[in-house]
Amino acid sequence: MQITAKLLGGKDDMATFDLLPQVHVRHLKRKIADELLLPCGSFKVLNAGKPLHDDDLQLPAAGLKDGAKLTVVLNAGDASDLSHEEQSLLKAILGESATHLNMLRLRQSIQNYVDFMSLDDLERFARKKK
């Protein structure tokens with residue numbers, strides 16, 4: 001089944017997925033997070049204006065049909081998840097483009113980069129900073 005997810009307020013932030021009907025909502029949310037470069041818990045997914053709450057349901061049981069168009073809405077409280085120091089650092093890196101969405105995406109990009117580093121890479125990186 002083909003499902004399209006669009007970020008609310010994002011002009012080009014859209015992703016289309018071909019998924020099997022037996023896939024769970026949890027898997028769909030992970031795919032959306034990966035494609036839109038967002039932390040998994042930082043958004044809600046709406047189908048026909050209703051949030052997809054139960055991550056353990058299969059797509060048809062959650063009311064999704066082939067060709068479904070979903071809306072991805074950022075959670076308002078996520079900016080508070082960043083410490084003041086993190087926000088200052090991200091604003092320094094991003095400059096004028098330091099929007100809530102861009103800060104979430106930069107944070108997720110850094111997390112993805114660190115997740116794929118080996119322990120040797122992390123040790124080398126830590127030694128360079130001393």
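Residue numbers are given in the UniProt record's numbering: position 75 of the sequence shown equals residue 75, and the series is strictly consecutive. Idealized CB from N, CA, C, for every residue including glycine. Note that the structure is a prediction, hence the values are computed from the model and not measured.
Can you list, in chain order, the residues of its chain with a C-beta nearer than 7 Å to that of residue i? Leave out the 5 residues immediately preceding and following it.
i: Ile32; result: Ala5, Ala15, Val45, Val72
i: Val114; result: none
Can you tell me where the alpha helix (DSSP H) with residue i in it begins and where it stops?
i: Lys29; result: 25-36
i: Ala48; result: Here Ala48 belongs to no alpha helix (DSSP H), and DSSP marks it neither H nor E.
Measure how close the beta-carbons of residue i and residue j come, nearest whole angstrom, since I'm counting them as under 8 Å.
i: Leu52; j: Val25; result: 5 Å
i: Phe125; j: Asn75; result: Going by Cβ atoms, the distance from Phe125 to Asn75 rounds to 31 Å, so no, they are not a contact pair.
i: residue 131; j: Leu89; result: Absent from the structure is residue 131, since the part of the chain shown begins at 1 and ends at 130.
i: Leu19; j: Asn47; result: Contact flag wrong, Cβ pair sits at about 14 Å.
i: Leu94; j: Leu38; result: At roughly 16 Å, the Cβ-Cβ gap does not stay under 8 Å, so Leu94 and Leu38 are not in contact.
Within its chain, find whatever has a CB closer than 6 Å to the CB of residue i; leave out the 5 residues flanking it on each side and keep chain order.
i: Ala62; result: Val25, Leu52
i: Leu59; result: Pro21, Val23
i: Phe17; result: Ile3, Lys31
i: Leu70; result: Ala5, Val45, Asn47
Looking only at C-alpha atoms, which of the options sits nearest to residue i?
i: residue 163; options: Leu19, Leu101, Pro60; result: Here the chain has residues from 1 to 130 only, and residue 163 is not among them.
i: Leu28; options: Gly49, Asn112, Asp12, Gln2; result: Gln2
i: Glu35; options: Ser109, Glu123, Leu119; result: Ser109
i: Gly49; options: Ala68, Gly10, Asp121, Asn112; result: Ala68
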